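**Q** One structure follows; several queries about it will come next.
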Amino acid sequence: MSNPLATGSLSGTRALVTGSSRGVGADTARFLAEAGARVVINYRNKEKRAQQLVSKIEEAGGSALAIRADLTDPASVASMIETVTTEFGELDLLVLNASGGMETGMAENYALLLNRDAQVDVLRQALPLMAPGSRVVFVTSHQAHFIRTTETMPEYLPVALSKRAGEDALRDLVPELDEKGVAFVVVSGDMIEGTITATLLERSNPGAISSRRESAGKLYNVAEFAAEVALAAVEEIPSDHTRLVGDVSDFHAEV
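Just so you know, we're using the numbering used here here: the sequence shown kicks off at 98 and counts up by one.
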């Protein structure tokens, strides 16, 4: 897919994209870098993929840096932010893309730790680097954003509840962000074809993704949704706004 951002439109911008060694995060980082941003590729354990992405960005004339950080470990996040400070000085864009909760072998409260607590911690630790005019973009799903009014698949429920809790906790910080002149935007999409989450859902509930595709008429693929996330970094969107990507006819807003 072609880059939705104009070449050079983000020249001078410094961006951190969490969970960006693969999937939506990787394509978002690539789009930002191709538009001129200097990008931090954050990963937890996919170092090879992260470094390969850095190489691709640099080969295309962009600038990127891979930094390992387990977002559920505040000390690990602090180390990442220290490196960002040394390398970039400041941050203009923070894309909170990392999420999870369906992986096997994790602690029982892992979804909440990653999707709520870690999101708030990353933002709080990054905020001192963000000047007026900076932007935070939180990436979520319709299944999480509308979980209070629309049921989701049982297999996805812990993720949906924890991501909605994360969104709420981040929105609680909006007054503080407003005081600093930092905008906050939520990008919510339907199930995304080709993501780890979609793969795990299909594995635990065969037919789940095809059923959702049939109901929605279309599901975005990784690159298509990443393009929407990248656009949220540059579009003139009011702070505390939610950008809904894809069909929402099956989802009911809170009243």
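By construction, the Cβ of each residue, glycine as well, lies at the ideal position given by its N, Cα and C atoms.
Here the structure is a predicted model, which means the values were calculated and not measured.
1) Could you check if Asp275 is buried or exposed, using at least 16 other CB atoms within 10 Å of its CB as the buried criterion?
2) Buried or exposed: which applies to Ser353, given that a residue is buried once 16 or more other Cβ atoms fall within 10 Å of its Cβ?
3) Using 8 Å as the Cβ pair cut-off and three pairs as the minimum, do the segment 146–156 and the segment 339–346 touch?
4) Shortest alpha-carbon distance to Val151 belongs to which of Glu131, Thr169, Asp170?
5) Ignore the nearest five residues each way along the sequence and tell me which others in Val352's own chain have a CB closer than 7 Å to its CB.
6) Compare the C-alpha of Asn142 against each of Leu113, Arg309, Val136, Ser173 and name the closest.
7) Going along the chain, which residues of its own chain have a beta-carbon closer than 7 Å to the beta-carbon of Val219, five neighbours each way excluded?
8) Whole alpha helix (DSSP H) runs in the segment 192–223 with 4 or more residues, listed along the chain?
9) Would the segment 304–318 count as touching the segment 262–269 if we require 3 or more Cβ pairs under 8 Å?
10) Which whole runs of the alpha helix (DSSP H) in the segment 252–310 are 4 residues long or more, in chain order?
11) DSSP state of Phe235, grouped into three classes?
12) Using a C-beta cutoff of 9 Å, does Val331 count as contacting chain B?
13) Note down, in chain order, each residue of its chain lying with its Cβ closer than 6 Å to the Cβ of Leu328, except the 5 sequence neighbours on either side.
14) Taking Val137 and Ile164 to be in contact with their CB atoms under 8 Å, please state how far apart those CB atoms are, rounded to whole angstroms.
15) For the beta strand (DSSP E) containing Val342, list its first residue and its last residue.
16) Starting from Arg127 and walking both ways along the alpha helix (DSSP H), at which residues does that stretch end?
17) With which residues is Leu113 paired in a DSSP beta bridge?
18) Report the rounded CA-to-CA distance for Glu208 versus Ala305, giving the unit in angstroms.
19) Write down every uninterrupted run of the alpha helix (DSSP H) in the segment 152–193 whose length is 4 residues or greater and which is fully enclosed by it, in chain order.
20) Since Leu283 and Phe235 are thought to touch, with beta carbons under 8 Å apart, how far apart are those beta carbons, to the nearest angstrom?
21) Can the beta-carbon of Ser231 be found less than 9 Å from the beta-carbon of Asp189?
22) Looking at the secondary structure, which residues open and close the alpha helix (DSSP H) in which Leu328 lies?
23) Do you know offhand how far Tyr140's Cα is from Leu191's?
24) By the three-class DSSP mapping on this structure, what secondary structure does Pro225 have?
25) Please determine, among Pro303, Ala323, Asp337, Ser118, the residue with the shortest C-alpha to C-alpha distance to Val233.
**A** This is what the structure gives:
1) exposed
2) What is shown of the chain runs 98 to 352, which leaves residue 353 out entirely.
3) By the Cβ test, the segment 146–156 is not in contact with the segment 339–346, since fewer than three Cβ pairs between them sit closer than 8 Å.
4) The option with the nearest alpha carbon to Val151 is Glu131.
5) Residue confidence is low: Val352 scores 48 on pLDDT, short of 50, so the model does not pin down where it sits. No coordinate-derived value is stated.
6) Ser173
7) Thr115, Leu168, Val174, Leu193
8) 215–223
9) no
10) Positions of the alpha helix (DSSP H) runs, each at least 4 residues long and wholly inside the segment 252–310, are given as 254–268, 271–277, 293–301 in order along the chain.
11) In the structure shown, Phe235 sits in a strand (DSSP, three-state: E or B).
12) Of the protein chains in this structure there is only one, and it is not chain B.
13) Pro101
14) Yes, Val137 and Ile164 are in contact; Cβ-Cβ is about 6 Å, under 8 Å.
15) 338–342
16) 120–131
17) BP columns for Leu113 point to Val137, Leu191.
18) According to the sequence provided, residue 208 is Ala. The question's Glu does not apply to it. Answer to the nearest angstrom: the Cα atoms are 21 Å apart.
19) 171–185
20) It is worth fixing the name first, because residue 283 is Val in this sequence and not Leu. Rounded, the Cβ-Cβ distance is 5 Å, consistent with contact.
21) Here Ser231 is near Asp189, since their CB atoms are less than 9 Å apart.
22) 319–329
23) 15 Å
24) In the structure shown, Pro225 sits in a helix (DSSP, three-state: H, G or I).
25) Asp337
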